[in-house]
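S.K.: Numbering (the numbering used here), first residue to last: 3 to 293.
One structure, pasted below without further comment.
As structure tokens, this is what we get:
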């Protein structure tokens, strides 16, 4: 499978040459004589710089898919609801820390106007990159997953109910990552926070925990969604709803406090469900969403 390099402007070619020389020096790529080749594109970022990308579309089209599962984001947030302290870890170029099998390197070949190179590490843009990376991180975290650590690709979170416990959990996860020779971007790691941003959501223990706990009893509470509506802004949003501004603080308004107190009153009152009478008509009520 061969696709010739795209024609680029002189400026783009200079940027491309600079980037390939940097990757070559870092050992991320190596010269190639492979018959395979994919074209390179330079994607302009918001800050005006460019991201080096290889267009692996044709390679992906003939790749047998790895269907290793990614964790459900709502399951992750459910797991965090009882925790008080959080740490998020950021990998330093996570994919580039995963060596690529020598038998597969030739398939990642790309061409510039002067030469050809192939990746020695896991490149971004290949269809089996995410499941491969998820499997590796899952194996590193091992039996700590769903107990006090979770990962969604290269986003890792450690969560604990107490500070001393969090220090133990943090030491364990950092030891595991060090043993696996994974390097972290220290400037982007957030350590032992009570409020933290994860997967685009602001996680606050008190407000988030109450909303999630109250939801457990929704089947016992008539019109639960309407009653709890003012508090849903404190729960993680779906992709369709978009991200909450990082500067937004968790401050309860008067309406929020009334809702909070009303739900507390309902939850502390005896809730009784009668055994259904099959001789009577049944009324079916459901919740609906765009998810």
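C-beta: ideal position from N, C-alpha, C; glycine also.
So, helix, strand or coil for residue 165, using DSSP?
M.R.: Residue 165 sits at position 163 when you count from the first residue of the chain shown. Residue state, collapsed to three classes: helix.
S.K.: Taking the straight line between their C-alpha atoms, what separation do you get for residue 56 and residue 121?
M.R.: Here residue 56 refers to the residue found at position 54 when the chain shown is read from its first residue. Here residue 121 refers to the residue found at position 119 when the chain shown is read from its first residue. So the alpha carbons of these two residues sit roughly 11 angstroms apart.
S.K.: Can you give me the start and stop residues for the alpha helix (DSSP H) that residue 135 sits inside?
M.R.: Walking along the chain shown from the start, residue 135 turns up at place 133. Run containing residue 135: 131 to 143, per the alpha helix (DSSP H) assignment.
S.K.: Out of 70, 133, 21, 90, state which residue places its alpha-carbon closest to the alpha-carbon of residue 191.
M.R.: Taking the chain shown and counting its residues from 1, one reaches residue 191 at position 189. Closest by alpha carbon: 90.
S.K.: Can you tell me whether residue 20 is buried or exposed? The criterion is at least 16 other CB atoms within 10 Å of its CB, across all chains shown.
M.R.: Counting from 1 along the chain shown, the entry for residue 20 is found at position 18. Residue 20 should be labelled exposed.
S.K.: Which of helix, strand or coil does DSSP assign to residue 240?
M.R.: Against the chain shown, residue 240 aligns to sequence position 238. Confidence at residue 240 is low in this model, with a pLDDT of 47, below 50, so its placement is unreliable and no value can be given for it.
S.K.: Contact between the region 137 to 156 and the region 104 to 116: three or more CB pairs below 8 angstroms?
M.R.: Result no; under three Cβ-Cβ pairs closer than 8 angstroms.
S.K.: Based on the DSSP output, what are the partners of residue 52 in its beta bridges?
M.R.: Translated into positions along the chain shown, residue 52 becomes position 50. Residue 52 is bridged to 46.
S.K.: Measuring CA to CA, which of 68, 65, 42, 163 is closest to residue 119?
M.R.: Your numbering for residue 119 matches position 117 in the chain shown. Out of 68, 65, 42, 163, 42 has the C-alpha closest to the C-alpha of residue 119.
S.K.: Should residue 125 be labelled buried (16 or more other beta-carbon atoms within 10 Å of its own) or exposed?
M.R.: Mapped onto the chain shown, residue 125 falls at position 123. Residue 125 comes out buried.
S.K.: How would you write the range of the alpha helix (DSSP H) that residue 81 sits in, first residue to last?
M.R.: For the purposes of this step, residue 81 is taken as residue 79 along the chain shown, with counting starting at 1. 75 to 82 is the span of the alpha helix (DSSP H), which, as asked, contains residue 81.
S.K.: On the CB-based measure, 16 or more other CB atoms within 10 Å of its CB, does residue 182 come out buried or exposed?
M.R.: One-based indexing of the chain shown puts residue 182 at position 180. Classification for residue 182: exposed.
S.K.: Hey, would you say residue 49 sits closer than 8 angstroms to residue 187, going by beta carbons?
M.R.: Walking along the chain shown from the start, residue 49 turns up at place 47. Walking along the chain shown from the start, residue 187 turns up at place 185. For residue 49 and residue 187, no; Cβs fall outside 8 angstroms.
S.K.: Pair every Cβ in the region 8 to 23 with every Cβ in the region 66 to 85, then say whether three or more of these pairs are closer than 8 angstroms.
M.R.: No contact exists between the region 8 to 23 and the region 66 to 85.
S.K.: Considering only their Cβ atoms, is the gap separating residue 160 from residue 88 smaller than 8 angstroms?
M.R.: Your numbering for residue 88 matches position 86 in the chain shown. Your numbering for residue 160 matches position 158 in the chain shown. Yes, these two residues count as a Cβ contact at 8 angstroms.
S.K.: Provide the residue(s) that pair with residue 203 in DSSP beta bridges, ordered along the chain.
M.R.: By one-based count along the chain shown, residue 203 stands at place 201. 200.
S.K.: Determine, using beta carbons only, whether residue 143 and residue 193 come nearer to each other than 8 angstroms.
M.R.: Numbered from its first residue, the chain shown carries residue 143 at position 141. Numbered from its first residue, the chain shown carries residue 193 at position 191. In this structure, residue 193 does not lie closer than 8 angstroms to residue 143 by Cβ.
S.K.: Would you call residue 85 buried or exposed, if buried means 16 or more other Cβ atoms sit within 10 Å of its Cβ?
M.R.: Stepping through the chain shown from its first residue, residue 85 is reached at position 83. Under this definition residue 85 is a buried residue.
S.K.: So, at 8 angstroms on beta carbons, what are the nonlocal neighbours of residue 81 in its own chain, with the 5 sequence-adjacent residues on each side left out?
M.R.: Within the chain shown, residue 81 is the residue found at index 79, counting from 1. For residue 81, where only same-chain residues beyond five positions count, the Cβ hits under 8 angstroms are 148, 152, 161.
S.K.: By DSSP's criteria, residue 119 is part of a beta bridge. Which residues make up the other side?
M.R.: By one-based count along the chain shown, residue 119 stands at place 117. Per DSSP, 33, 112.
S.K.: Quick check on residue 18: buried or exposed, where buried means 16 or more other Cβ atoms within 10 Å of its Cβ?
M.R.: Taking the chain shown and counting its residues from 1, one reaches residue 18 at position 16. Classification of residue 18: buried, given that the 10 Å Cβ count is 16 or more.
S.K.: Where does residue 67 fall in DSSP's three states?
M.R.: Here residue 67 corresponds to residue number 65 of the chain shown, with the count starting at 1. In this structure, residue 67 counts as coil in the three-state DSSP scheme.
S.K.: Once DSSP output is grouped into helix, strand and coil, what is the label at residue 277?
M.R.: Residue numbering aside, residue 277 sits at position 275 when the chain shown is read from its first letter. Its pLDDT being 47, under 50, residue 277 is placed unreliably in this model, and the coordinates cannot settle the point.
S.K.: Under a CB-based cut-off of 8 angstroms, is residue 162 close to chain C?
M.R.: No chain C is part of this structure, which consists of one protein chain only.
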